[in-house]
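Below is one structure, written out as structure tokens; comments come after it.
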Amino acid sequence: MPAKDLYHGTVKTALEKDGWMVTDNLPLRVGKRDLLIDLGAEKLLIAEREHQKIAVEVKSFMSASPVNDLEQALGQYLLYEDLMRTQYPDR
């Protein structure tokens, strides 16, 4: 189980207070390997009566190099976005 980011709990609490049903660690599959997105959440939109779903990856950019943190986060975002299109097209 990967370590949680510094702001993981804060983001989870904020989503829950806004009415989202939150689950930790949404799995993604790459070949025979598993990746985990920090949070998966969904919220019932009462007016439209359909579900809105999101995936949340929490980052704090705490290393000595903010540029390196940004490069890593951007690469992770692009990878996850591509995988989500096929594995979770409704998110």
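807 is the number of the first residue of the sequence shown in the working numbering; add one for each residue after it.
We treat Cβ as the ideally placed atom computed from N, Cα and C, and that holds for glycine.
Take residue i as the anchor and find which of the options has the nearest alpha-carbon.
i           : options            : result
residue 813 : 867, 832, 826, 846 : 867
residue 749 : 847, 843, 841      : Here the chain covers residues 807 to 897 and nothing more, so residue 749 does not appear.
residue 861 : 811, 831, 820, 870 : 831
residue 810 : 843, 822, 838      : 843
residue 880 : 863, 859, 822      : 863
From residue i to residue j, what distance separates their C-alpha atoms?
i           : j           : result
residue 828 : residue 836 : 23 angstroms
residue 771 : residue 869 : This structure leaves residue 771 out entirely; the chain is present only between 807 and 897.
residue 875 : residue 893 : 26 angstroms
residue 872 : residue 841 : 23 angstroms
residue 839 : residue 816 : 29 angstroms
residue 821 : residue 890 : 20 angstroms
residue 883 : residue 857 : 23 angstroms
Just checking my contact of residue i with residue j at CB under 8 angstroms: how many whole Å lie between their CB atoms?
i           : j           : result
residue 818 : residue 845 : 6 angstroms
residue 886 : residue 850 : Contact doesn't hold; Cβ gap of about 24 angstroms is too wide.
residue 896 : residue 859 : 6 angstroms
- With a floor of 4 residues, list each alpha helix (DSSP H) that falls wholly inside the stretch 809-842, ordered by position along the chain. 814-823
- Task: Pick out the complete beta strand (DSSP E) segments inside the stretch 844-888, 3 residues or longer, and give them in chain order.
- Result: 856-862
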